[in-house]
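Below is one structure, written out as C-alpha cells; the observations come after it.
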Amino acid sequence: MAQSYAAIWVTRLINVFALSQSLDLYDFYQLKMLECDRRLEAAIAAMTSDPEAPLAPLPKIRTRTKQTNAPSFDVRAALYGLTRIDLTQIHGLGSSLALKLIGECGTDLRAWPTAKHFTSWLCLAPGNKISGGKVLSSRTRRSSSRAAALLRLAATTLGRSDTALGAFYRRLAGRIGKQKAVTATARKIAVLFYNALRFGMVYQDPGAAAYDERHRGRVIANLQRRVRSLGFQLEPTHVGESVS
Numbered sequence: 324m325a326q327s328y329a330a331i332w333v334t335r336l337i338n339v340f341a342l343s344q345s346l347d348l349y350d351f352y353q354l355k356m357l358e359c360d361r362r363l364e365a366a367i368a369a370m371t372s373d374p375e376a377p378l379a380p381l382p383k384i385r386t387r388t389k390q391t392n393a394p395s396f397d398v399r400a401a402l403y404g405l406t407r408i409d410l411t412q413i414h415g416l417g418s419s420l421a422l423k424l425i426g427e428c429g430t431d432l433r434a435w436p437t438a439k440h441f442t443s444w445l446c447l448a449p450g451n452k453i454s455g456g457k458v459l460s461s462r463t464r465r466s467s468s469r470a471a472a473l474l475r476l477a478a479t480t481l482g483r484s485d486t487a488l489g490a491f492y493r494r495l496a497g498r499i500g501k502q503k504a505v506t507a508t509a510r511k512i513a514v515l516f517y518n519a520l521r522f523g524m525v526y527q528d529p530g531a532a533a534y535d536e537r538h539r540g541r542v543i544a545n546l547q548r549r550v551r552s553l554g555f556q557l558e559p560t561h562v563g564e565s566v567s
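Here's what the structure looks like:
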C-alpha cells in the first residue's frame with residue numbers, strides 16, 4: 324500500500340513538473356511572438372514614405388470583434404498609414420488578412436495594368452478555352468497562390484452577412500454551387516482590393532437590399548429586351564392580380 328501511494332505521489336510530481344515546463348514554454352513563445360510583432364510594426368513604419376504627411380482621420384471601424392492570433396499592435400492604423408486607404412472597409416478583409424495580402428502582393432500594383440490582369444494572375448478569372456468561336460470551358464485554373472487562398476477565405480465569411488457581397492455570394496451559391504460562388508466572390512474582393520490600392524478607391528457597401536433591387540432591375544431589363552426582340556411587350560402587374 325505504501326508503495327502504491329509513493330507511485331501516485333511520484334506521478335503527481337512528474338505531472339506538475341511537466342505542466343510547469345509547458346507553462347514556461349508558453350510564456351517563452353508568447354514573448355517571441357511579441358518580439359515578432361514589434362519587428363513587424365517597425366518594418367511597416369519604415370516602409371511608410373512620409374510619416375509626417377497629413378492624413379485624413381481613420382474611418383470608423385466596421386466591427387470590433389478581435390481576430391484570433393492578431394498581432395499585438397494596431398494593424399489597421401499601421402496599414403492606413405502605409406497605404407493611405409482603409410482596406411478593412413471592404414467586407415471580408417479584416418486587418419490581419421489585409422496585412423497578409425499586402426505581404427503577398429505588395430502595395431504597388433502597377434505591375435498589373437488592370438484588375439483583369441490582377442485577377443488572372445491570382446487564377447480567379449475564368450480561363451476560357453475557345454475553339455471555332457465557341458467557349459468549350461471557362462473553368463478557373465488551379466493555383467497554389469497564397470493570395471488567392473486568402474481571398475477565398477475572405478469570401479467564405481460573407482455567406483450570412485447583410486452586405487452586397489454577401490447577397491452576391493448567396494445568389495451564385497444557389498445557382499452554381501458554393502465552391503464556384505466562393506471563387507466568384509473572391510474575384511470581386513480582389514477587384515476591390517486592386518482598385519483601392521491602385522487608384523485610392525474608397526469602398527462603400529450599398530447593402531444586400533440595394534444589391535438585390537439592382538439585380539432585379541437588370542433581370543427585368545434583360546427580359547424586356549428579349550421580349551421586344553420577339554415583337555411583344557411586358558406589362559407590370561400587381562401581386563395577387565389575375566392575368567388574363
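One rule links them: number in my numbering = place in the sequence shown (from 1) + 323.
Built from N, CA and C at the ideal position, the CB exists for glycine as well.
Whole-Å CB distance - Gln412 paired with Pro382, under 8 Å assumed
6 Å
Residue of Gly417, Leu424, Ser443 minimising C-alpha distance to Arg510:
Ser443
From Leu357 to Asn392, what distance separates their C-alpha atoms?
11 Å
Ordered along the chain, which non-local residues of its own chain (more than five positions away) have a Cβ less than 7 Å from that of Gln556?
Val550
Decide if Leu445 is buried, meaning its Cβ has at least 16 other Cβ atoms within 10 Å, or exposed.
buried
If you follow the alpha helix (DSSP H) that Arg541 is part of, which residue opens it and which one closes it?
531-552
Taking Leu422 and Leu447 to be in contact with their CB atoms under 8 Å, please state how far apart those CB atoms are, rounded to whole angstroms.
Not a contact, Cβ separation roughly 20 Å.
With burial defined as no fewer than 16 other Cβ atoms inside 10 Å of the residue's Cβ, what is the status of Tyr517: buried or exposed?
buried
Could you compute how far the alpha carbon of Ser419 sits from the alpha carbon of Leu474?
12 Å
Within the same chain, show all residues whose beta-carbon is closer than 8 Å to that of Gly523, passing over the 5 residues directly before and after it, in chain order.
Arg407, Ile408
Whose C-alpha, out of Tyr352, Ala330, Gly404, Ala507, is nearest the C-alpha of Ala310?
Here the chain covers residues 324 to 567 and nothing more, so residue 310 does not appear.
What does a CB cutoff of less than 6 Å around Ile425 pick up in its chain, not counting 5 residues either side in sequence?
none
Rounded distance between the beta-carbons of Thr430 and Leu520, thought under 8 Å
6 Å
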